[in-house]
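Trainee: Before I ask anything, let me first share the structure, which is written out below as structure tokens.
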Amino acid sequence: MSLAIEGSQDEPQPDRSHTRNFCIIAHIDHGKSTLADRFLQATGALDPRRMRDQVLDQMELERERGITIKMAAVRLHYRSRQGEGFELNLIDTPGHVDFTYEVSRSLAACEGAVLVVDAVQGVEAQTLANVNLALGSNLNIIPVINKIDLPAADPERVKKEIAETLLIDESECLLVSAKEGIGIEDVLEAVVARVPAPGGEEAAPLRAMVFDSHFDPYLGIIAYVRVVDGAIQPGMRLRMMASGREAEVAGVGVFAPQMRATSRLSAGQVGFLHAGIKSIGHCRVGDTVTGASQPAGAPLAGYKQVKPMVFCGLYPVDSDRFADLREGLSRLQLNDAALAYEPETSAALGFGFRCGFLGLLHSEIVQERLEREFDLDLIATSPSVVYQLTLVDGTVAHIENPTHWPEAGSISKVEEPFIMATILVPNQYMGACMELCIDRRGTFSSMESSGTNRVVLTYQLPLAEILLDFFDTLKSRTRGYASFDYDFLGYREGKLVKLDIRINSEPVDALSFITPRDRAFPRGKALVARLKAVLPRQLFEIRVQASLGSRIIAAERVSALRKNVLAKCYGGDVTRKRKLMEKQRAGKKRMKAVGRVQIPQEAFLSVLRLGND
Amino acid sequence: MTDNGTANRSLSSEGLGVYVHIPFCLQKCPYCDFVSGLFEQSARLGYLAALEREIRQSAWAGRSVNTVYFGGGTPSELSTDELKVLALAVRETFAIDAASEWSIECNPETVAPESLEGMSRLGFNRISLGIQSFQDRQLQLLGRAHTGEESIRAYRLVRAAGFENVNLDLIFSVPGQTLDHWKRDVDEALALAPEHLSLYGLTIEEGTGFGERHSRGELEAIDEEGTAEMYEVALDLTLESGFDQYELSSFARPGRACLHNLGYWNYLRYLGFGIGAASFLDGTRWTNTTVLRDYLRGAFSGEICRATEKRLQGKEALGEELMLGLHTQTGVSLGSLSVRYGCDVEQVYADSFQLLTGQGLIELEDDRARLTRKGQLVAAEVCAEFLPIEEPIPLG
Numbered sequence: 014m015s016l017a018i019e020g021s022q023d024e025p026q027p028d029r030s031h032t033r034n035f036c037i038i039a040h041i042d043h044g045k046s047t048l049a050d051r052f053l054q055a056t057g058a059l060d061p062r063r064m065r066d067q068v069l070d071q072m073e074l075e076r077e078r079g080i081t082i083k084m085a086a087v088r089l090h091y092r093s094r095q096g097e098g099f100e101l102n103l104i105d106t107p108g109h110v111d112f113t114y115e116v117s118r119s120l121a122a123c124e125g126a127v128l129v130v131d132a133v134q135g136v137e138a139q140t141l142a143n144v145n146l147a148l149g150s151n152l153n154i155i156p157v158i159n160k161i162d163l164p165a166a167d168p169e170r171v172k173k174e175i176a177e178t179l180l181i182d183e184s185e186c187l188l189v190s191a192k193e194g195i196g197i198e199d200v201l202e203a204v205v206a207r208v209p210a211p212g213g214e215e216a217a218p219l220r221a222m223v224f225d226s227h228f229d230p231y232l233g234i235i236a237y238v239r240v241v242d243g244a245i246q247p248g249m250r251l252r253m254m255a256s257g258r259e260a261e262v263a264g265v266g267v268f269a270p271q272m273r274a275t276s277r278l279s280a281g282q283v284g285f286l287h288a289g290i291k292s293i294g295h296c297r298v299g300d301t302v303t304g305a306s307q308p309a310g311a312p313l314a315g316y317k318q319v320k321p322m323v324f325c326g327l328y329p330v331d332s333d334r335f336a337d338l339r340e341g342l343s344r345l346q347l348n349d350a351a352l353a354y355e356p357e358t359s360a361a362l363g364f365g366f367r368c369g370f371l372g373l374l375h376s377e378i379v380q381e382r383l384e385r386e387f388d389l390d391l392i393a394t395s396p397s398v399v400y401q402l403t404l405v406d407g408t409v410a411h412i413e414n415p416t417h418w419p420e421a422g423s424i425s426k427v428e429e430p431f432i433m434a435t436i437l438v439p440n441q442y443m444g445a446c447m448e449l450c451i452d453r454r455g456t457f458s459s460m461e462s463s464g465t466n467r468v469v470l471t472y473q474l475p476l477a478e479i480l481l482d483f484f485d486t487l488k489s490r491t492r493g494y495a496s497f498d499y500d501f502l503g504y505r506e507g508k509l510v511k512l513d514i515r516i517n518s519e520p521v522d523a524l525s526f527i528t529p530r531d532r533a534f535p536r537g538k539a540l541v542a543r544l545k546a547v548l549p550r551q552l553f554e555i556r557v558q559a560s561l562g563s564r565i566i567a568a569e570r571v572s573a574l575r576k577n578v579l580a581k582c583y584g585g586d587v588t589r590k591r592k593l594m595e596k597q598r599a600g601k602k603r604m605k606a607v608g609r610v611q612i613p614q615e616a617f618l619s620v621l622r623l624g625n626d
Numbered sequence: 084m085t086d087n088g089t090a091n092r093s094l095s096s097e098g099l100g101v102y103v104h105i106p107f108c109l110q111k112c113p114y115c116d117f118v119s120g121l122f123e124q125s126a127r128l129g130y131l132a133a134l135e136r137e138i139r140q141s142a143w144a145g146r147s148v149n150t151v152y153f154g155g156g157t158p159s160e161l162s163t164d165e166l167k168v169l170a171l172a173v174r175e176t177f178a179i180d181a182a183s184e185w186s187i188e189c190n191p192e193t194v195a196p197e198s199l200e201g202m203s204r205l206g207f208n209r210i211s212l213g214i215q216s217f218q219d220r221q222l223q224l225l226g227r228a229h230t231g232e233e234s235i236r237a238y239r240l241v242r243a244a245g246f247e248n249v250n251l252d253l254i255f256s257v258p259g260q261t262l263d264h265w266k267r268d269v270d271e272a273l274a275l276a277p278e279h280l281s282l283y284g285l286t287i288e289e290g291t292g293f294g295e296r297h298s299r300g301e302l303e304a305i306d307e308e309g310t311a312e313m314y315e316v317a318l319d320l321t322l323e324s325g326f327d328q329y330e331l332s333s334f335a336r337p338g339r340a341c342l343h344n345l346g347y348w349n350y351l352r353y354l355g356f357g358i359g360a361a362s363f364l365d366g367t368r369w370t371n372t373t374v375l376r377d378y379l380r381g382a383f384s385g386e387i388c389r390a391t392e393k394r395l396q397g398k399e400a401l402g403e404e405l406m407l408g409l410h411t412q413t414g415v416s417l418g419s420l421s422v423r424y425g426c427d428v429e430q431v432y433a434d435s436f437q438l439l440t441g442q443g444l445i446e447l448e449d450d451r452a453r454l455t456r457k458g459q460l461v462a463a464e465v466c467a468e469f470l471p472i473e474e475p476i477p478l479g
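Each protein sequence line maps, in turn, to chains A and B.
Note that the first sequence covers residues 14 to 626 in my numbering.
Note that the second sequence covers residues 84 to 479 in my numbering.
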């Protein structure tokens, strides 16, 4: 038994009419985690001595970035003002666009959602996206205007925005300061009053939805489930309806907020189960758990296997650490079904992995965790989307790595993924946003006003164009006022070509990228100029060229080293002189060699900065 | 240029070089990264006693020695009595060749007629003056305790004391130095007519005063082009004055190359005594501990711990011999290396030779490899080609 799970202490199970399953949805930084902590405090779920800020955010990285990556679920015992006891299951949701599917699954485990809107910032793009998701899951929404203690708070204005943009009645809004503990009980009362009790048939065959999971080294996968019909108890044989896997339940329990074993989980309840499942791939988020002996006729709706949208190569700077990188990726994957990786070899970078991520933030988080938790120095190649190529012979190829791009002559059609971007922005920055979208090959879709001085812009954009620095640029051009969210639209045809970089005539595969044909020239020129600036001078001249196929479209030269200072050989200390030379060489060892040219890490980063041109 | 010195030294292939390290300084120069500094009187006495002991207890006592070099720090800071103890220790421990070369480094401000006379009496026959520059502003920046005028006075005293073999150290590529400043320094040095010049480019080392100021952006290093011009002008000026550049930083009148210095580059054997001192003997390189307490304890217990130790074998030894030999004007004989290491050296380094000759950095002539003038300018990079370090990344 893992220490993480406390012993069984079955409490009297409240009847289903006294259970409420709900979540909190919010734009990043609007105060979701603080509000969740207040709920825990107010219901006594947390010993104040064990209280750390924002208990639901378990990972250090989440705390630092102030965002929630992995969801958690907590059972709260709440005695209402009428004196009735309720079991409230609070399901946390990840707060970023990359994790939309995971958000949708945790919403599907609930009947209601507390929508947190910042009393200063008002409705943001992510608020819109979350509300749409919640409405899609038929949740009752309780709008909460948070941070009313701030001097700049304007709850009346925000109420109007909520009414106009989200079509929720102003009178439903609750005014709260999670930080100051104001209005917390009103929210819990509203959860009891406005969120319906869970439905479902306890007598029917088991159907439970997996809305999250984590890996425990002793118990295997701990699946977080919402039981819809029937009940789960230890000893029962389970079947995962999508993956077809079967396993015997070793234990069930609830989050209080630490994991606590119980004897069963029944329809309407939220908790966890473990069944000795070793791979997260066998217990995916969204899958339906049923009984093997008495299976349900149909799974719960909404399951899909999440597919990575963004790919990049990850290489250890020190090639000796390839095995460590593999170990790190496999450890992270235990808790992250959306992370995909497979080994790849680059002529320039050696051995590494092609990794697939849900989005850019996901990729950044994975890289940061690898560097921090596994002490790796990584080179990440330019992120790429999956292109769909129809070849002259009629076959369709999916290319996620520019290295595998076929000869131009063999391609008859190139399609790339498009997204629908929703941007919420104050009126005065609308022009800047539109300029940016056009610059990134966007097509205008719609514009609506939101409240008195903001607009909601929607643009269709190639996914590849938002990969690099779209969000950063958007923020900087709007002084941080714009918010952004996106949905995948589908594949569209485009005039795309592969641009290669050659260093002393040798192509450097890791620097290749796919670009619209009409931008190949300026981008090629900008990249060779950047490379010229970062390549250290060597004993010979270096030619840097950008080419489309065999055609050179831009070129620069790095002249040969002319003079270095010769260190004095103090008292015949040849070892020391040698060390200086070796140190210089060790510096080079951290670079990657293409032919005889040493290429520093910055060179690979310079591709990433091209979005600005 | 002629083959200067190597012939002389070849007779001594059985003999050793001896280096004695005197780490005392009146003040620490902000660019110096060597084991040296200010010593309290008790530490100083303890050090000198330990040094004498280390010499006298040498495991190689009785071996034939043909060059002796007292370096620092500031050996000229020693009193004649102190110097005598050490010189005698060397003489009484080793079999000193009659024609041996005895060098001692002197800082201009410490040179006095009496001490010079003492040195002469103790058998020193070569003086190396740490002049660095004749320009006071630059000397101040370098943190030197002397002026240009004192340097000239010191030089005259050295001559007056009868020394016929004198070296002057000068330094270039100093922040703020112009090509013109440097030319004047070289001209002034040449006007004094020394037998030997050592011209060093300043390296800004981490952990020194200069290193810190540089990292704070307060000290602007001379750029590559400026450094190259200074080096080249020095090559021209010394050549016009009849000096041979027998090693990258060392220039001498015919027959006046520093034999001890040449030994380093020609892969000859030497023993170093004192804190941090380097030795190369029986195929092994080592350096003494750089921690004073450990050094003192070691000297009195009979075993000095080593900060580094490396036995050179096979390709590593070959690479190092090549790397060192390329520093000299005569270069290295690939044929003789091939015979000694039992391999075709040109073949072993075929890629490097192809690149370096192709770029005009090295010339291969009559089985000797030597740096071209262009190669001398980037000697560190060129020589590093021969250090045996695995290739960074296999292609494909």
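Idealized CB from N, CA, C, for every residue including glycine.
Being a predicted model, the structure only gives us computed values, none of them experimental.
(1) Shortest alpha-carbon distance to Ser-397/A belongs to which of Glu-478/A, Glu-183/A, Pro-270/A?
(2) With DSSP collapsed to three states, give me the class of Asp-331/A.
(3) Is the CB-CB distance between Tyr-424/B and Leu-444/B below 8 Å?
(4) If you count every other CB in all the chains shown that lies within 10 Å of the CB of Arg-220/A, and 16 or more means buried, which is it?
(5) So with Cβ pairs under 8 Å, would you call Met-14/A a contact of chain B?
(6) Nearest to Ala-445/A by CA position, among Ile-432/A, Met-433/A, Val-468/A, is which residue?
(7) Could you tell me if Val-610/A is buried or exposed, where buried requires 16 or more neighbouring beta carbons within 10 angstroms of its beta carbon?
(8) Under 7 Å from any heavy atom of the ligand GDP, does the C-beta of Arg-118/A make it?
(9) For chain B, find out if any of its Cβ atoms is closer than 8 Å to the Cβ of Asn-517/A; answer yes or no.
(10) Of all the options Gly-57/A, Ala-274/A, Ile-516/A, which has the alpha carbon lying nearest to the alpha carbon of Gln-246/A?
(11) Using the Cβ count rule (16 or more neighbours within 10 Å means buried), how would you classify Ser-563/A?
(12) Would Lys-581/A pass as an interface residue toward chain B - the criterion being a Cβ-Cβ separation below 8 Å?
(13) For Gly-129/B, which residues in the same chain have their Cβ closer than 6 Å to its Cβ, ignoring the five residues on either side in sequence?
(14) Taking the C-alpha atoms as reference points, what is the distance between Gly-326/A and Asp-522/A?
(15) Taking only three categories from DSSP, how would you classify Met-222/A?
(16) Determine, for Glu-403/B, whether the minimum Cβ-Cβ distance to residues of chain A falls below 8 Å.
(17) With burial defined as no fewer than 16 other Cβ atoms inside 10 Å of the residue's Cβ, what is the status of Ser-560/A: buried or exposed?
(18) Give the single residue among Asp-449/B, Ala-274/B, Leu-109/B, Thr-413/B whose Cα lies nearest to the Cα of Phe-122/B.
(19) Closer than 8 Å, CB to CB, is Pro-613/A near chain B or not?
(20) Does Val-610/A get closer than 8 Å to chain B when you measure Cβ to Cβ?
(21) Give, in chain order, every residue of the segment 276-288 of chain B whose Cβ lies closer than 8 Å to some Cβ of chain A.
(22) Starting from Gly-365/A, find everything on chain B with Cβ-Cβ shorter than 9 Å and list it in chain order.
(23) Quick one: list the residues of chain B neighbouring Gly-326/A, beta-carbon separation under 8 Å, in chain order.
(24) Expressed to the nearest angstrom, what Euclidean distance is found between the alpha-carbon atoms of Leu-48/A and Ser-276/A?
(25) Is Cys-123/A helix, strand or coil when you go by DSSP?
(26) Please list the segments of the beta strand (DSSP E) lying wholly inside the segment 378-405 of chain A, counting only runs of 3 or more residues, in order along the chain.
(27) Output the residue ranges of the beta strand (DSSP E) runs that lie fully inside the segment 379-415 of chain B and measure 3 residues or longer, sorted by chain position.
(28) At least one CB of chain B closer than 8 Å to the CB of Met-680/A: is that the case?
(29) Report all residues from its chain with a CB closer than 7 Å to the CB of Gly-266/A; omit the five preceding and five following residues, and keep chain order.
(30) What residues from the segment 442-463 of chain B come within 7 Å of chain A, judged by C-beta to C-beta, listed N to C?
(31) Judging by CA-CA distance, which residue of Arg-220/B, His-229/B, Leu-420/B, Gly-300/B is the nearest neighbour of Trp-265/B?
(32) What separation, rounded to the nearest whole angstrom, lies between the Cα atoms of Gly-300/B and Pro-613/A?
(33) Give the residues from the segment 251-263 of chain B that approach chain A closer than 7 Å (Cβ to any Cβ), ordered along the chain.
(34) Near Glu-97/B, what residues of its chain come up, given a Cβ to Cβ distance below 7 Å and the 5 sequence neighbours on each side ignored?
(35) Between Arg-236/B, Val-241/B, Thr-176/B, Val-101/B, which lies nearest to Gly-201/B when the distance is taken from Cα to Cα?
(36) The segment 319-335 of chain B: which residues have C-beta closer than 9 Å to a C-beta of chain A, in chain order?
Mentor: Answer, in terms of the structure:
(1) Glu-478/A
(2) coil
(3) no
(4) buried
(5) Low confidence applies to Met-14/A: its pLDDT is 34, below 50, so where it sits in the model is not reliable enough to give any reading.
(6) Val-468/A
(7) buried
(8) The model on display carries no ligand, and the ligand GDP is accordingly not part of it.
(9) no
(10) Ala-274/A
(11) exposed
(12) yes
(13) Leu-379
(14) 11 Å
(15) strand
(16) yes
(17) buried
(18) Leu-109/B
(19) no
(20) no
(21) Tyr-283, Gly-284, Leu-285, Thr-286
(22) Simply none; closest approach about 11 Å.
(23) Within 8 Å Cβ-Cβ: nothing; Gly-326/A doesn't reach chain B, min ~14 Å.
(24) 31 Å
(25) coil
(26) 391-393, 400-404
(27) 389-394
(28) The structure shown does not extend to residue 680/A, since chain A is modelled only from 14 to 626, so the question has no answer here.
(29) Ile-18, Met-272, Arg-273, Ala-274, Thr-275, Gly-284, Phe-285
(30) Gln-442, Leu-444, Leu-460, Val-461, Ala-462, Ala-463
(31) Arg-220/B
(32) 23 Å
(33) Ser-256
(34) Ser-147
(35) Val-241/B
(36) Leu-331, Ser-332
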